[in-house]
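Structure first, commentary second.
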Amino acid sequence: MNATRARLGLSLLAAAALSACATSPYKRAGNAGEVAAALARSQPAAPSPRSLVFLVLGGSAGPRVAAYDLATSRLVWTQKGEVTTRIEVGGDIVVHGAPGQTASGGLIVARDIGNGAVLWQHALAEKEKLAGYDVDAHAVYVVIQTQGLTKRGTTGSVLALDPRTKAVLWRHELPTGHVAGPAVRGGLLAVPVDSQYVILLDRATGAELAQVLSTAEAATFVRALPEGMFYGSRGVFLLSGATARGSRESPGYLLARLPPFVRPFYWYDLYRPEQARYSAIDRNHILWRVAVEGERARFRDETVVVHDYRFLFGFDATSGALRWAYSHPSDAVASTDTGSVIAFVSNDGDIGALDRVTGARRYQARLSGETVNAATFDADGFSPKLAGSESGAGAAPDLVGTLGAIVADPDRRFPDMKLFAIEEIGRQPGRDATGKLLEILGERSLTPLAAQKTSEALAGRKDTQSADLLAAALRRHADYADDRTAPPVDYLARAVAALGPGGRSVTPELVAQLRLPETPTPAAAQIARALVATGGEEAVPALRDYLTMYRADPVHDADPSALIAVAEALLKLGGPADRRLLLFVAEEPHTVAPLRAHLVKALGETDPGAVTRTATRD
Amino acid sequence: MLVNRAATVIALGLVLGAAAARAAETKPADAKPSATADAKPSKAKPSKAKPAKDAADKKALPAARLDAARTALAGEDDAAAIAAAQSLAGAAAANAAEPLAELLAVGTSPARAEAALDALAKLGAGGALTAPRALEVLELYCGHHAPEIRQRAIKALGTIKDPRVVPTLLARLGDVAPGVRAAAGEALAARHERAGTPRLFALVKRGDAGAASPLAALATPDLIPQIAELAGTVDDAVLATALGDYAQRSDVPDRLRLDVVRTIAKLSGAGATTALVEYVASVPAKEDRPSKREAQKLLDQQGSAQ
């Protein structure tokens, strides 16, 4: 009976599966052969000789679009007009979104790349929503969602428009309404659909050539680069037969190792309409290029660059090690990796480029008096040489100095980045890094967490060669008359303790701090521990003074940690006479109870007969 | 409880040794009770001969009374300990400071420490605070965490006629507690210690009321215009106190006093009026000087204006 029922169940399941296969629009999905064949038809376009950046300008002159030639450092044209969705460039036109006549609809605007004049506008119908577009020399490819009566009734389609006339070259109905913006490269147009699939179309006819099935992670973007077509979300897949099913084990899968403060954003989520517009994402993303060998991919020069508003960081993509850091005075609104340099534009009109491997300055220009809201680069291969420099580049940025400036920056938007910068300074070798950490610790505006991190970085260095710097920091003290605050003695003492015997030269400064009235009780405890760690026997008189002066102070009743630490230090560093002093302190009735209890135990553990012998002798 | 007087004596020896060792901290702790109990001042900081002579001029208390005081100071009864401290202060003897310094050196409760410091200050005011140990212990307590104790220690330390106390007094001008700064300023002023002038001026510049009178006591004529120039940036009451107290000094030429009086009159608030009134009152009734007449005139004008 049971066996019969099981056989019947399996038969139904198989029938359902076969039925699904028969009706599924994705039955070609993941076919490595078809994907490879489609790619074989795709050839990268010849590299563009242009190095342009298209600027979305604001300010008192009103909304405008402009083209700036990086090679000649001059503005080529400026045209009035608003920009909604991102500028894309291909052939001899630029395309962008513009506000529509109605609340629901929008416009797609094509401009002549030479003068910015509007070539045509395409209005979306009332029930149409723009998913995205891309451009090449042959067409403007627009992916549109058309709303049905119900959500299930929404359909998707790709429209190829003539770049000069707007004439419809072809239309392709997609199998779903859940569609995203496309990317075109050579003869191939890639369109992500239903989160997991990428449909590959012949750009000339719109015929479907293959389907990619991303099994390991969603395929939220497709990106065309000269070195290949890519897709992915959390990571990057080089499109090939090997990645037709999106396996992360494929040699074409890339994921950089990056610190936690970095938002792992490789490319726009093309399913999300808001990401089709210029936004904070353009100021906070990962810049990457790929070296391709067949189906194998690796990040070019093993480098990825993180753009985080005003800052750019070059990382070793494999190890996650920081290679360089750059800090700009104002937010960079856009950036790109040209394959040679990281080019960027700031909101106050600075245009710059840094060597992608070293971070050295390779280009700088300025668009005075303009407010730049956003920008799109069309500058692949742009590889400038800095004027007036023999090597073609400025000096590589001072890493410790730049990281220190990030920490000290009054901009409070980047707490995690500041913590990262502190950790990175801690990893850099040399006295400069130790000095910078000490400088950071002296900042009055340092948050408690940042101070803690700095302290840990400082202690973690165990930089015995810089013990004199710790001593100098400890020589500072609070002075009301001079409007001077106390150094963070607690943290400095921890750093000295980490040096072990190598920190003994700092004993006089620790002693001086122990004797100061403003030294907080926890810091006094830390000083005592540091003296033990360094073996600073010359501190014994100060330890005695501290212990006797405060041993009967009820302030230490609730928290006797400092007294206990000092007593422990005296026990370890002092001689027999100090042991007798501790015995007295343990037995004198005015001594705070927790210290007495601790000392009785400690003295008993180190010499169980001491109490009895002293009592007998007395 | 195993505590007894013998243990206390051992501890006293040890602790006093620590205080002495502080003067020459290069030596590791090999303190021995017998050696440290007789610790002498460091060679690096020789004591002056004059205090020793002053001490010799004071009568000494008998050993039995000192022992009794020691017992009371170390005993269980707080009131008896405080009374013993006060009694030693009243004795005005050169050796009366010894039990007090010992108590502080071995450590005690805040209430007893305050009583001992007050007693030492009283002895010092009477010229009876000459023991080198007292200086060491007072310097130690000038670094105590509690401002009330630091303030008392400064007051007592300031009475010691030994230049070694000056660096500590100067350092405490930078204390975070206003009372401690004021005590240090007053001590420096009482000693006519002009080295304190720049730091006292810095404090007045920050509006520290406690520094005004000490600065007035130490200021040289060339500093007066600088003080006057602080008007508008510092509380007028602070400036009025500094300038008013300066005008009261007997060593100031009356021509300069006249300028000071006029400057005070330009300040606002009750502090300025008080300074003028106090200045007029400070001049003997029979003495007629232009600055007094000017001050009176300015006060009369203020009165009629009101």
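Which chain is which? The protein sequence lines are A and B, in order.
Note that my numbering has the first sequence beginning at 1, numbered continuously upward.
Note that my numbering has the second sequence beginning at 1, numbered continuously upward.
In this text, a Cβ means the ideal position worked out from N, Cα and C, and glycines have one as well.
Just so we're clear, the structure is a prediction, and the values are computed from it rather than from any experiment.
Members of the segment 517-535 of chain A near chain B, C-beta cut-off 7 Å: So the list reads PRO517, GLU518, given in the order they occur along the chain.
| request: Assuming ASP134 (chain A) contacts ALA180 (chain A) (C-beta within less than 8 Å), just tell me the rounded distance between them. | output: Numbered from its first residue, the first sequence carries residue 134 (chain A) at position 134. Numbered from its first residue, the first sequence carries residue 180 (chain A) at position 180. Cβ-Cβ separation between ASP134 (chain A) and ALA180 (chain A): approximately 11 Å, too far for a contact (criterion under 8 Å).
Which one of B:LEU203, B:GLY75, B:LEU123, B:ARG172 has the shortest CA to CA distance from GLN311 (chain B)? Absent from the structure is residue 311 (chain B), since the part of chain B shown begins at 1 and ends at 306.
Practice prompt. Could you run through the segment 278-301 of chain B and flag, in chain order, every residue whose CB is less than 7 Å away from some CB of chain A?
Written response: none
| message | Please classify ALA280 (chain A) as buried or exposed, where buried requires at least 16 other C-beta atoms within 10 Å of its C-beta. | response | Position 280 of the first sequence holds residue 280 (chain A). Counting Cβ neighbours within 10 Å, ALA280 (chain A) comes out exposed, since fewer than 16 surround it.
Cβ-Cβ distance between PRO625 (chain A) and ASP557 (chain A) below 8 Å:
Residue 625 (chain A) cannot be examined here, being either before or after the span of chain A that is shown, 1 to 618.
Residues of the segment 144-178 of chain B with Cβ closer than 7 Å to any Cβ of chain A, in chain order:
HIS144, HIS145, ARG150, LEU173, GLY174, ASP175, VAL176
* Short check: CB of VAL204 (chain B) to CB of ALA242 (chain B), under 8 Å? -> Translated into the one-based positions of the second sequence, residue 204 (chain B) becomes position 204. Translated into the one-based positions of the second sequence, residue 242 (chain B) becomes position 242. Yes, these two residues count as a Cβ contact at 8 Å.
- Task: Give the secondary structure of ILE87 (chain A) by DSSP, where H, G and I count as helix, E and B as strand, and everything else as coil.
- Result: Along the first sequence, read from residue 1 onward, the residue named residue 87 (chain A) stands at position 87. Three-state result, ILE87 (chain A): coil.
- [ ] Leaving out five residues on either side along the sequence, give the residues of the same chain with a beta carbon under 8 Å from the beta carbon of LEU441 (chain A).
- [x] One-based indexing of the first sequence puts residue 441 (chain A) at position 441. Excluding sequence neighbours, LEU441 (chain A) sits near ALA451, THR454, SER455, LEU458, ALA473, PRO487, PRO488, TYR491, LEU492.
Against chain B, which members of the segment 544-557 of chain A pass a CB distance test of less than 8 Å?
ARG544, ASP545, LEU547, THR548, MET549, TYR550, ARG551, ALA552, ASP553, PRO554, VAL555
Do we get a CB-CB distance below 8 Å when we pair THR71 (chain B) with the residues of chain A? Counting from one through the second sequence, the residue named residue 71 (chain B) turns up at place 71. Not a single C-beta of chain A is nearer than 8 Å to the C-beta of THR71 (chain B).
* Given HIS511 (chain A), which residues of its chain have a CB within under 6 Å of its CB, disregarding the five upstream and five downstream residues? -> The count along the first sequence starts at 1 and reaches residue 511 (chain A) at position 511. Residue 511 (chain A) is actually Val in this sequence, not His. These residues qualify, in order along the chain: ALA539, ALA542.
Exercise for the section: Assign ASN347 (chain A) to one of two classes, buried (16 or more other C-beta atoms within 10 Å of its C-beta) or exposed (fewer than that). Expected result: If you number the first sequence from 1, residue 347 (chain A) lands on position 347. Here ASN347 (chain A) is buried: its Cβ has 16 or more other Cβ atoms, across all protein chains shown, within 10 Å.
**Prompt:** What separation, rounded to the nearest whole angstrom, lies between the Cα atoms of LYS48 (chain B) and ASP162 (chain B)?
**Reply:** Taking the first residue of the second sequence as position 1, residue 48 (chain B) is located at position 48. Taking the first residue of the second sequence as position 1, residue 162 (chain B) is located at position 162. With a pLDDT of only 42 at LYS48 (chain B), under the threshold of 50, the placement of this residue in the model should not be trusted; the figure read from the coordinates follows. Going from the Cα of LYS48 (chain B) to the Cα of ASP162 (chain B) covers about 7 Å.
**Asked** At a Cβ cut of 9 Å, what residues of the segment 454-483 of chain A count as close to chain B, listed as they run along the chain?
**Response** HIS477, ALA478, ASP479, TYR480, ALA481, ASP482, ASP483
>> Which of the three DSSP states is assigned to PHE237 (chain A) in this structure?
In response: As a working note, residue 237 (chain A) is residue 237 in the first sequence. PHE237 (chain A) falls in the strand class under three-state DSSP.
- Comparing the C-beta of GLU277 (chain A) with each C-beta of chain B, is any distance below 8 Å? Stepping through the first sequence from its first residue, residue 277 (chain A) is reached at position 277. Residue identity check: residue 277 (chain A) is Arg in the sequence provided, not Glu. So no, ARG277 (chain A) is outside the interface.
Tell me which residues of the segment 584-609 of chain A have at least one Cβ-Cβ distance to chain B shorter than 7 Å, keeping chain order. PHE584, GLU587, GLU588, PRO589, HIS590
* To do: In the DSSP assignment, find the beta strand (DSSP E) that holds ILE93 (chain A) and state where it starts and stops.
  => For the purposes of this step, residue 93 (chain A) is taken as residue 93 along the first sequence, with counting starting at 1. Following the DSSP letters along the chain, one finds ILE93 (chain A) inside the beta strand (DSSP E) bounded by residues 93-99.
| task | Inspect the beta-carbon positions of ASP553 (chain A) and PRO110 (chain B) and report whether they are closer than 8 Å. | result | Position 553 of the first sequence, counting from 1, holds the residue named residue 553 (chain A). Position 110 of the second sequence, counting from 1, holds the residue named residue 110 (chain B). A Cβ-Cβ contact shorter than 8 Å links ASP553 (chain A) with PRO110 (chain B).
Q.
Looking at chain B, is there any beta carbon in it that lies within less than 8 Å of the beta carbon of ARG515 (chain A)?
A. Stepping through the first sequence from its first residue, residue 515 (chain A) is reached at position 515. Yes, ARG515 (chain A) lies at the interface with chain B (some Cβ there is under 8 Å from its Cβ).
Q) Since TYR480 (chain A) sits in a beta bridge, which residues does DSSP pair it with? A) As a working mapping, residue 480 (chain A) is identified with position 480 in the first sequence. In the DSSP output, where bridge partners are listed per residue, TYR480 (chain A) has none listed.
Evaluate VAL56 (chain A) with the Cβ neighbour count: other Cβ atoms within 10 Å of its Cβ, from every protein chain shown; 16 or more gives buried, anything less gives exposed. Counted from its first residue, the first sequence places residue 56 (chain A) at position 56. That one is buried.
Range of the contiguous alpha helix (DSSP H) that encloses PHE420 (chain A)
If you number the first sequence from 1, residue 420 (chain A) lands on position 420. Segment 415-427, the alpha helix (DSSP H) holding PHE420 (chain A).
Local Cβ density within 10 Å of SER445 (chain A), reported as buried at 16 or more and exposed below that:
For the purposes of this step, residue 445 (chain A) is identified with residue 445 of the first sequence, where counting begins at 1. Looking at its Cβ environment, which holds fewer than 16 other Cβ atoms inside 10 Å, SER445 (chain A) is exposed.
Item to check | Backbone CA spacing between ALA189 (chain B) and GLN513 (chain A) [nearest angstrom] | outcome: Residue mapping note: residue 189 (chain B) aligns to position 189 of the second sequence, counting from 1. Residue mapping note: residue 513 (chain A) aligns to position 513 of the first sequence, counting from 1. Spanning the two alpha carbons is a distance of roughly 28 Å.
Self-check item: Sequence-distant residues of its chain with Cβ nearer than 8 Å to GLY235 (chain A) (five each side left out)
Solution: Locating residue 235 (chain A) in the first sequence gives position 235, counting from the first residue. The answer, listed in chain order, is GLU217, ARG248, TYR253, LEU254, LEU255, TYR266.
Other residues of its chain near LEU18 (chain A): CB distance less than 7 Å, five sequence neighbours each side excluded: Here the question's residue 18 (chain A) lines up with position 18 in the first sequence. Per-residue confidence for LEU18 (chain A) stands at a pLDDT of 44, beneath the threshold of 50, marking its modelled position as unreliable; the derived number appears in the next sentence. So the list is empty, once near-sequence residues are dropped.
Can you confirm whether ALA202 (chain B), when its beta carbon is compared against all beta carbons of chain A, has any partner nearer than 8 Å?
Indexing the second sequence from 1 puts residue 202 (chain B) at position 202. Output row for ALA202 (chain B): interface = yes.
Next item on the list: Starting from the C-beta of THR313 (chain B), find all residues in its chain whose C-beta is less than 7 Å away, skip the five residues before and the five after it, and write them out in chain order.
Entry: In the structure as shown, chain B starts at 1 and stops at 306, and residue 313 (chain B) therefore has no counterpart that could be examined.
**Asked** Per DSSP, ASN284 (chain A) forms a beta bridge with which residues?
**Response** Residue 284 (chain A) sits at position 284 when you count from the first residue of the first sequence. In DSSP, ASN284 (chain A) forms a bridge with A:ASP308.
Using beta carbons (cut-off 8 Å, strictly below), is ALA105 (chain B) in contact with chain A? Taking the first residue of the second sequence as position 1, residue 105 (chain B) is located at position 105. Output row for ALA105 (chain B): interface = yes.
Below-8 Å beta-carbon distance, LEU140 (chain B) vs any chain A residue | Translated into positions along the second sequence, residue 140 (chain B) becomes position 140. Closer than 8 Å to some Cβ of chain A, the Cβ of LEU140 (chain B) qualifies, so yes.
**Report entry** Integer-rounded CB distance, given that VAL261 (chain B) should sit under 8 Å from ALA295 (chain B)
**Finding:** Counting from 1 along the second sequence, the entry for residue 295 (chain B) is found at position 295. Counting from 1 along the second sequence, the entry for residue 261 (chain B) is found at position 261. Confirmed, about 5 Å.
Inset, instruction - Can you tell me which of A:ALA160, A:GLY186, A:LEU189, A:ILE144 puts its alpha carbon nearest to the alpha carbon of HIS178 (chain A)? - result: Position 178 of the first sequence, counting from 1, holds the residue named residue 178 (chain A). Ranked by Cα distance from HIS178 (chain A), the first of A:ALA160, A:GLY186, A:LEU189, A:ILE144 is A:ILE144.
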